[in-house]
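In this note's numbering, the protein residues as written are 2 to 870.
Virtual Cβ for every residue (Gly too), placed ideally from N, Cα, C.
Bear in mind that the values here come from a model prediction, so they are computed numbers and not experimental data.
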Amino acid sequence: MSGALGGFLGFVGMSAVAGILVTAAVAPAVALSGMAATNTINVFDSLPEYLSIDRLAQKSNIYASTNAEDPVGTRVLLASFYEQNRVDIPSDAISQFAKDAAIAGEDPRFMEHGGVDIQSSFNGAVQTLAGGETRGGSSITQQYVKNVLIQKCEVMTDEEKADACYDDATKTTADRKLREMRLAIGIEKKYEKADILRGYLNIAGYGGTVYGIEAAASYYFNTTALNLTLPQAASLVAIVNNPVKFQLDRPASETNGAANGYADNKSRRDYILNEMLKYDKITQVDHDAAVATPIEPVITVPSTGCQTAGDNAFFCDYVTKILKNDVTFGATAEERIDNFTRGGFDVYTTLDLDLQATAVAALNASVPKVVNDWNVGGVVSSVKVGTGAVLVMTQNKDYSQDPTVQATGANYTGLNYNTDFAYGGSNGFQPGSTYKVFTLAEWLKEGHALTERVDSRRKANWGDFQDSCLGVQNWDGRFNPRNDGGSSESNPNYSALQSTTNSINTGFIGMAKKLDLCGIRKTAESFGVHRADGANLDQGASSVIGTNEIAPLTMAAAFAGIANNGMTCTPIAISKMISSDGTELPIPKSTCTQSVEPAVAAGMQYAMQTVMTNGTARASNGRTSPRLPMIGKTGTTDAAKDTWMSGATTQVATVVGVVNVGGNNYKNQRNSSFFGRQASDVRHTIWPKIMSAANAKYGGDDFPEASSSVINAVAVPVPDVRGKSMAEAKTTLEAAGFLFVDGGVTSSEMPAGTVASTDPAGGSASTRGATVTARSSDGTGVTIPSVIGKTEADARGTLSGAPYGFTVAKTEQPTADKAQDGKVMAIQPGEGTAGRPGDAVTIVIGKYTPPTPPTTTAPNSGANNGRDE
2 MSGALGGFLG FVGMSAVAGI LVTAAVAPAV ALSGMAATNT INVFDSLPEY LSIDRLAQKS
62 NIYASTNAED PVGTRVLLAS FYEQNRVDIP SDAISQFAKD AAIAGEDPRF MEHGGVDIQS
122 SFNGAVQTLA GGETRGGSSI TQQYVKNVLI QKCEVMTDEE KADACYDDAT KTTADRKLRE
182 MRLAIGIEKK YEKADILRGY LNIAGYGGTV YGIEAAASYY FNTTALNLTL PQAASLVAIV
242 NNPVKFQLDR PASETNGAAN GYADNKSRRD YILNEMLKYD KITQVDHDAA VATPIEPVIT
302 VPSTGCQTAG DNAFFCDYVT KILKNDVTFG ATAEERIDNF TRGGFDVYTT LDLDLQATAV
362 AALNASVPKV VNDWNVGGVV SSVKVGTGAV LVMTQNKDYS QDPTVQATGA NYTGLNYNTD
422 FAYGGSNGFQ PGSTYKVFTL AEWLKEGHAL TERVDSRRKA NWGDFQDSCL GVQNWDGRFN
482 PRNDGGSSES NPNYSALQST TNSINTGFIG MAKKLDLCGI RKTAESFGVH RADGANLDQG
542 ASSVIGTNEI APLTMAAAFA GIANNGMTCT PIAISKMISS DGTELPIPKS TCTQSVEPAV
602 AAGMQYAMQT VMTNGTARAS NGRTSPRLPM IGKTGTTDAA KDTWMSGATT QVATVVGVVN
662 VGGNNYKNQR NSSFFGRQAS DVRHTIWPKI MSAANAKYGG DDFPEASSSV INAVAVPVPD
722 VRGKSMAEAK TTLEAAGFLF VDGGVTSSEM PAGTVASTDP AGGSASTRGA TVTARSSDGT
782 GVTIPSVIGK TEADARGTLS GAPYGFTVAK TEQPTADKAQ DGKVMAIQPG EGTAGRPGDA
842 VTIVIGKYTP PTPPTTTAPN SGANNGRDE
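Next up, the structure:
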């Protein structure tokens, strides 16, 4: 070898190209043979020989299942994501045909050389001298090195640095070739040949975004790398030589298309088959059959992006946002999404495909995708109680993130209505009266009972509300709440239970008057409630009846917390994530927090069960089968723009909404219909179908019993305010926790304008918050005087005379007491009772009646006289 090289160097003399020749051909030969060092060799030896082989970019997959206990065994692919469509596979998953084709076609002496094929490198150097640029001669190991270096460039997030890196890894210069050789030798020292060949087949590009033999087999021939036929394997290896020229997914190509049998690829394929025959990798019979086989690609485009997830696309999109936003997956958003699209992860989600299918069918049958002059939305979110696992997420739209597709119809959107803005682009919706449950929670936390009553009269001047965060808030003239649909609140003092059961707006405003608005907000936040746009929750008086914009998923998690005895778990959508090497990776965990004490939660559950059985959610309750213990709350926003049904068993919580998603062009749902059903009632069609399926699959238990102290208000004495001014009486009664009602004027001996009487009467017991009706005196009344014990004549004279002037009637009552004979024994109305002159009174006169003497019977001697002994 030294003689041949010496002769060649003598031929080129001292020309400038000698340096390139020695660098490209001699240096690796000397390095392998141990020849004496030269300056060029010293340069070669000074290069690093270590090359770290990082994880290859691979496609990641998102799966759902029908069984949370076996997410892998029942998995269904929702979508795949990749920058490079690659599946890294072991050597035993690759057809021997592909391995032999690669060696025969690209590097016949692969199994013998130490990383650099000296003969090929020498030939490449000669071509460099002849053509003026570096060409050919790269072994499989060198090609592998080049691809590894390129992959390192691909992971760079700085575009300028990535471009510079790529230029450095691919430039056609001798120094790049020299470095490539040095690194190839280093790899050969560290890795087995089989590992290098496997790495080469997995890293190589096969045209477009297709990388690796497994993805190429699937894309071009709808098969696996293990099941490739001989001609298929040779065609794929042919592509590696020049992906743009030889790829098989351009049937219209004039040089390499269907019309000419993919002539360019076939030419290279047949060359590889000839080399395989030459090196005894195949028989003549196999060779001839393969050459005669036409190239017939079966292009199979891989699932990519959430648009391939169909009915589950919006949930899929939510999962990708978690992967992008959660710091569990990387320090920055760019790093997180790059990890996912390149990491080769298998992401197993919490979605229950059975329950999801039920929800999709129910929504599609009840809410149209498009309504003229109204961009209506239908949303469903279901959460597993106690875990936060998202079981259902769907809406009445078709998913697309492509603006051109979205422009074709209002049925397309990229917004996920179920989630926060950061996880789907939606700003949320007013939940209406479903939000009242947080005021109920604060009411019970503060020691009030369900049967306690409040001032529920409809009015515009509600006065001051306490707010420990912002100071006293006055809402006079700012709103006049009433229930949607025109109903008027008829009871002046509903109890908290009645207000919950029938969703009485004024009842909840009355409750809020006795509470701290900041406390109500903090209680809502303790259930994980927050605005979808990321802003702080509003805590004004109007927020009590649901004016904050909140994501349906957030409300579903909160209702699950109520059902979980006050323990709220944050939503999670990923149950497991596996890396390409089979390692289980860390995932975001649900955080469970005790929002309210179990006793308070039991009171909430008690009231919310009455909503289902006797209140505004009776329709949903009656249509659910099997019917288990369920809690619920309905909600309707102003002008019935949005309607909600939210509820839960001890196992599953579901929120269903029919909402406006199109700005100000909306319709009153009470005056509209979908598929022959009133739009405002549709929620009570969808929710029962989903919960029927959930009840059948997950079951449910009884809710804990609420304590008597939570349900029943403590009875307190009614203050005696007779004789006080009406203003003083009002202050006294309200300070004692009662609702003062002016009952008008009545005849009384009390001074005019003072309180003549109350109902209930002073001194009796009544529940806190109850109504006490006070009547003022007109000053014309008299009090029935004391006449008991007087003779009839004296009593008549007193009662009929001035100042009383009563009309007197009498009745007699037998008495055995002679002293009562002819005397007044009683009077009706009673003594001290107020009356007016001319009123009738009745006196009861005693009439002496002697007692009947007892009879006697002669004794019957010697016999039982019939008495008990």
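Residue i versus residue j: straight-line alpha-carbon distance, rounded
i           : j           : result
residue 401 : residue 380 : 17 angstroms
residue 582 : residue 198 : 18 angstroms
residue 227 : residue 413 : 40 angstroms
residue 782 : residue 460 : 35 angstroms
residue 470 : residue 480 : 21 angstroms
residue 844 : residue 812 : 6 angstroms
residue 113 : residue 263 : 34 angstroms
residue 96  : residue 102 : 10 angstroms
residue 330 : residue 80  : 19 angstroms
residue 689 : residue 445 : 29 angstroms
residue 510 : residue 468 : 14 angstroms
residue 827 : residue 751 : 24 angstroms
residue 268 : residue 368 : 58 angstroms
residue 25  : residue 205 : Unreliable positioning characterises residue 25 in this predicted model, as indicated by a pLDDT of 44, which lies under 50. The coordinate reading is nonetheless provided below. In a straight line, the C-alpha of residue 25 is about 24 angstroms away from that of residue 205.
residue 385 : residue 649 : 9 angstroms
residue 625 : residue 441 : 25 angstroms
residue 251 : residue 110 : 33 angstroms
residue 323 : residue 415 : 16 angstroms
residue 159 : residue 166 : 10 angstroms
residue 186 : residue 115 : 6 angstroms
residue 790 : residue 823 : 9 angstroms
Exposure label - residue i; buried when at least 16 CB within 10 Å
i           : result
residue 455 : buried
residue 851 : exposed
residue 423 : exposed
residue 397 : buried
residue 298 : buried
residue 301 : exposed
residue 432 : buried
residue 337 : buried
residue 146 : buried
residue 282 : buried
residue 665 : exposed
Contact under 8 angstroms by Cβ, residue i with residue j
i           : j           : result
residue 695 : residue 494 : no
residue 579 : residue 341 : no
residue 633 : residue 601 : no
residue 411 : residue 376 : yes
residue 327 : residue 627 : no
residue 651 : residue 564 : yes
residue 502 : residue 483 : no
residue 504 : residue 635 : yes
residue 201 : residue 273 : no
Residues near residue i in its chain [Cβ-Cβ closer than 7 angstroms; skip 5 each side]
i           : result
residue 314 : 307, 308 and 400
residue 755 : 724, 725, 726, 777 and 778
residue 526 : 538
residue 57  : 87, 89, 152, 203 and 204
Same chain, Cβ closer than 6 angstroms to residue i, five either side skipped, listed in chain order
i           : result
residue 705 : 603
residue 352 : 65 and 316
residue 660 : 378, 430 and 643
residue 270 : 235, 236 and 239
residue 477 : 462
residue 740 : 456, 494 and 772
residue 630 : 703 and 704
Neighbour flag for residue i against chain D, beta carbons, 8 angstroms
i           : result
residue 348 : Note that chain D does not occur in the displayed structure, where there is just one protein chain.
Cutoff 8 angstroms; reference residue i; Cβ partners in own chain excluding five residues on either side
i           : result
residue 764 : 718, 719 and 721
residue 712 : 450, 451, 452, 498, 604 and 607
residue 285 : 278
| request: Pick out the complete alpha helix (DSSP H) segments inside the segment 169–257, 4 residues or longer, and give them in chain order. | output: Entirely contained in the segment 169–257, the alpha helix (DSSP H) runs reaching 4 residues are, in chain order, 175–191, 194–204, 214–222, 231–242 and 244–247.
| said: At 4 residues or longer, what runs of the alpha helix (DSSP H) sit wholly inside the segment 663–695? | reply: With a minimum length of 4 residues, no continuous alpha helix (DSSP H) run stays inside the segment 663–695.
| field | Within the segment 428–468, ranges of the beta strand (DSSP E) (whole runs, at least 3 residues) | value | Runs of the beta strand (DSSP E) inside the segment 428–468: none found.
| message | Which runs of the beta strand (DSSP E) at least 3 residues long sit entirely within the segment 709–762? Give them in chain order. | response | Segments of the beta strand (DSSP E) lying fully in the segment 709–762: 716–718, 740–747 and 756–760.
| task | Enumerate, from N- to C-terminal direction, the unbroken alpha helix (DSSP H) stretches of 4 or more residues contained entirely within the segment 540–614. | result | 553–564 and 599–614, all fully within the segment 540–614.
| query | Can you list, in chain order, the stretches of the beta strand (DSSP E) that have 3 or more residues and sit fully within the segment 799–827? | reply | With a minimum length of 3 residues, the continuous beta strand (DSSP E) runs that stay inside the segment 799–827 are 808–816.
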